[in-house]
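Participant:
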Amino acid sequence: MDNIRTYKIKTINNISNKGLELLRPNFIASSEEENPDAILVRSADMHEFQFGENVRFVGRAGAGTNNIPIERCSERGIVVSNAPGANANAVKELVTVALLISSRKIGDAIQWVKTLDKDENVVKEVEAYKKNFIGPEIYGKNLGVIGLGATGRLVASMGVSMGMNVYGLDPFMSVESALNLDTHVKYIESLKEMFSMCDYISIHVPFTKDTDKFVNAELLKDAKKGLRLINIARDGLVDLKALRAALEDGTVAKYVVDFPNEETLTLPNTINIPHLGASTPESEENSAKMIVRQMMDYLNNGNIKNSVNFPDSDMGVCQSVHRITVNHRNIPNMIGQITAVLAQKNINIANLLNKHKGNWAYTMIDIDSEVDGTLKDELWKIEGVVRVRFIK
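In terms of the working numbering, the sequence shown opens at residue 0 and continues consecutively.
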């Protein structure tokens, strides 16, 4: 059955060897694999990728998944998982840098020093010109953090430790985020209020159709004069047309972005960083380890963790004769139809788990009897079913 076969894994981009070393003997990973059971990817654009019929899992060794065609994967019953929090510390450290360079003009100052003639006048020139690089301290200033997931919480705590007054807001607040939020962070519910009172704002929400141009003209028109805006999260979260106007009239004093493009390179008072948020060996290693473990658990046991399209579901290691998993649409009477097929074949259900996430659902069933070859075909015939697996 499925969990004793050899699984073929296609790697796209360089996946950390520290992660690939975790693969068990029945997993073979190669960048050249043409008919894989699973795919591991970092930032490569997969929207034009042709998925083979055996692909059951796509693992993003990082947090953002906008490089993956989520809906197309869902329609094919492919679970897409990411590694949230694995690169959180790396991003938090870059946000710390962004806070400082958006205030102190350090980058401009270093570039100016490189233009000096190497003679006895250097010291005098430095002392005479340094006033051009004066910038405010961040201590005592107001920092707004939008998005309080793993990264946002670290950024908020960093701001507190640096003596800032930190305000947090999360349009998708989870119980975990609420319980783990630094008690010194003041939670507010109004974006307009945050923009009107904060000297610095750092964005940490995913890019989706709901967050496209999340920071827009409506918010920027009420922003506190001299706002410094930081986006180390995702491209597309800021309306660049509205931002240009805010930068030109001084509403926004500085924009720091980790996703340069042809437009951000022409924005005034903007610092473009070449997508370094997760570019640390530690971050790449942590992400690879997390996604490899999740992939192996899904292929071997059917358990889903950190999926962006199907619900997280866990029934542990399969101890029964067989485990059946069904990826299907979240529509009425699916459980009834699935269990009816089993009842018709006199199959007793030892354990069952059903969960849903948005338009999609996932059902796991452990049974204590053998099955014939027609069972999978009967389950596939149910309208709305997009993937059936027999494990063990």
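By construction, the Cβ of each residue, glycine as well, lies at the ideal position given by its N, Cα and C atoms.
All of these numbers come straight from a predicted model, not from anything done at the bench.
Got a sec? Which residues, its chain only, sit under 6 Å from Gly276 by beta carbon, not counting five neighbours each side?
Facilitator: Val90, Leu93, Ile231, Asp257
Participant: What are the complete beta strand (DSSP E) segments, minimum 3 residues, inside the stretch 20 to 78?
Facilitator: 26 to 29, 37 to 40, 56 to 59
Participant: Measure the Cβ-Cβ separation of Val370 and His327 and say whether it is below 8 Å.
Facilitator: no
Participant: Rounded to the nearest angstrom, what separates Phe194 and Lys130 at their Cα positions?
Facilitator: 29 Å
Participant: Assuming Asp36 and Val54 form a contact by the criterion Cβ under 8 Å, report the distance between their Cβ atoms to the nearest whole angstrom.
Facilitator: 7 Å
Participant: Can you give me the C-alpha to C-alpha distance between Lys17 and Thr279, rounded to a whole angstrom?
Facilitator: 13 Å
Participant: Hey, is the stretch 309 to 319 in contact with the stretch 351 to 365, meaning 3+ C-beta pairs nearer than 8 Å?
Facilitator: yes
Participant: At which residues does the beta strand (DSSP E) containing Ser101 begin and terminate?
Facilitator: First-last for Ser101: 87 to 103, but that is the alpha helix (DSSP H), not the beta strand (DSSP E).
Participant: Give the straight-line distance between the Cα atoms of Lys212 and Ser201, rounded to the nearest whole angstrom.
Facilitator: 15 Å
Participant: Just to confirm before moving on: does the CB-CB distance between Asn260 and Asp234 stay below 8 Å?
Facilitator: A contact, by the Cβ cut-off of 8 Å.
Participant: Restricting to runs no shorter than 4 residues, where is the alpha helix (DSSP H) found entirely within the stretch 190 to 255?
Facilitator: Qualifying alpha helix (DSSP H) stretches, in chain order: 190 to 196, 216 to 219, 239 to 247.
Participant: Consult DSSP for Leu378 and reduce its assignment to one of helix, strand or coil.
Facilitator: Under the three-state reduction of DSSP, Leu378 is assigned to helix.
Participant: Helix, strand or coil for Met0 per DSSP?
Facilitator: Because Met0 sits at a pLDDT of 43, beneath the cut-off of 50, its placement in the model cannot be relied upon, and the following sentence gives the value as read from the coordinates. Looking at Met0 - three-state DSSP - the assignment turns out to be coil, as it is neither helix nor strand.
Participant: Can you tell me whether DSSP reads Ile337 as helix, strand or coil?
Facilitator: Ile337 sits in a helix when the DSSP states are folded into three classes.
Participant: Opposite Trp359 in the DSSP bridges: which residues?
Facilitator: Arg328, Lys356
Participant: Work out the CA separation of Thr263 and Val112 for me, nearest whole Å.
Facilitator: 25 Å
Participant: By DSSP, does Ala149 sit in helix, in strand, or in coil?
Facilitator: Ala149 falls in the helix class under three-state DSSP.
Participant: By alpha-carbon positions, which one of Lys7, Gly63, Glu74 ends up nearest to Phe309?
Facilitator: Glu74
Participant: Hey, out of Arg59, Gly63, Glu70, whose CA is closest to Val385's CA?
Facilitator: Glu70
Participant: Do you know offhand how far Leu378's Cα is from Glu32's?
Facilitator: 30 Å
Participant: Ignore the nearest five residues each way along the sequence and tell me which others in Gly143's own chain have a CB closer than 6 Å to its CB.
Facilitator: Tyr166, Met193, Cys197, Ile200
Participant: Mind checking which residues open and close the beta strand (DSSP E) that includes Val384?
Facilitator: 384 to 390
Participant: Alpha carbon to alpha carbon, how far is Ile105 from Ile270?
Facilitator: Distance from the CA atom of Ile105 to the CA atom of Ile270, rounded to whole angstroms, is 11 Å.
Participant: By Cβ distance, which residues of its chain are closer than 7 Å to Pro273, with the 5 residues on each side in sequence left out?
Facilitator: Pro259
Participant: Ignore the nearest five residues each way along the sequence and tell me which others in Ala155's own chain have a CB closer than 6 Å to its CB.
Facilitator: Val144, Val165, Gly167, Asp181, Val184
Participant: Restricting to Cα atoms, I'd like to know which of Glu119, Asn34, Pro83, Lys224 is closest to Glu283.
Facilitator: Pro83
Participant: Pick from Ser42, Ile8, Ala222, Gly61: whose alpha carbon is nearest that of Asn285?
Facilitator: Gly61
Participant: Per DSSP, what kind of secondary structure is Ile272 in: helix, strand or coil?
Facilitator: coil
Participant: Suppose you measure from the CA of Met157 to the CA of Tyr186; what does that come to, to the nearest Å?
Facilitator: 16 Å
Participant: Run the CB neighbour count on Phe171, radius 10 Å, all protein chains shown included, and call it buried at 16 or more, exposed below.
Facilitator: exposed
Participant: Pick out whichever of Ser80, Gln318, Ile334, Ser30 has its Cα sitting closest to the Cα of Ile8.
Facilitator: Ser30
Participant: DSSP beta-bridge partners for Thr10?
Facilitator: Leu39
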